[in-house]
Amino acid sequence: MKITCSIRLLPLKVESKDQIYGLVDEAIGVIANSGLKYLVGPSETTVEGEFSQLLKLIEEIYKKITPLCDRYVLEVAFDCAKSGVNIDEKIAKYR
Numbered sequence: 056m057k058i059t060c061s062i063r064l065l066p067l068k069v070e071s072k073d074q075i076y077g078l079v080d081e082a083i084g085v086i087a088n089s090g091l092k093y094l095v096g097p098s099e100t101t102v103e104g105e106f107s108q109l110l111k112l113i114e115e116i117y118k119k120i121t122p123l124c125d126r127y128v129l130e131v132a133f134d135c136a137k138s139g140v141n142i143d144e145k146i147a148k149y150r
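This is the structure:
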């Protein structure tokens, strides 16, 4: 069953906006390479997949960002339903 996961990376102790955007770009790169469906938003990226795929993705982002940033917050929120959840269904009304 597919669910959605919203991921937000908040780098701390960085010196410039360019550094923040660079780290966020690294995380989005991991997401893009995962093969999962995703939608980049201004404050978070939403990814669609099986729960186990999403957990693996979170771990991959963690492994990518940890060596690059002394401290950061990685916010993760799952939207789960017995019938499944998908990105298109959630935003169809607004497209």
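Just so we're aligned, residue 56 is where the sequence shown starts under this note's numbering, counting upward by one. The C-beta atom is built at its ideal place from N, Cα and C for all residues, glycine as well. Note that the structure is predicted; figures quoted are calculated from it, not measured.
**Report entry** Segment contact flag, the segment 126-133 with the segment 85-98, C-beta cutoff 8 Å, min 3 pairs
**Finding:** No, because fewer than three Cβ pairs between the segment 126-133 and the segment 85-98 fall closer than 8 Å, the two stretches do not touch.
Query raised in the report: In terms of DSSP beta bridges, what is ILE62 paired with?
Result: ILE62 is bridged to THR100 and VAL131.
Query raised in the report: Would you report the Cα separation of PHE133 and ILE58, rounded to the nearest angstrom?
Result: Put simply, the backbone Cα of PHE133 is about 7 Å away from that of ILE58.
Requested in this report: Specify, as a first and last residue, the run of the alpha helix (DSSP H) that LEU109 falls within.
Outcome: For LEU109, the enclosing alpha helix (DSSP H) covers residues 106-120.
**Report entry** Below-8 Å beta-carbon distance, VAL79 vs any chain C residue
**Finding:** The question asks about chain C, but that chain is absent: this structure has only one protein chain.
**Report entry** Residues near TYR149 by beta carbon distance below 8 Å, same chain, minus five either side
**Finding:** Around TYR149: no qualifying Cβ.
Report task. Assuming GLU81 and LEU123 form a contact by the criterion Cβ under 8 Å, report the distance between their Cβ atoms to the nearest whole angstrom. Result -> The C-beta distance from GLU81 to LEU123 rounds to 6 Å, short enough to meet the 8 Å contact threshold.
Query raised in the report: Can you tell me where the alpha helix (DSSP H) with TYR76 in it begins and where it stops?
Result: Annotation: the continuous alpha helix (DSSP H) that includes TYR76 extends over 72-88.
Query raised in the report: Over what stretch of residues does the beta strand (DSSP E) that includes LYS92 continue unbroken?
Result: For LYS92, the enclosing beta strand (DSSP E) has its first and last residue at 92-95.
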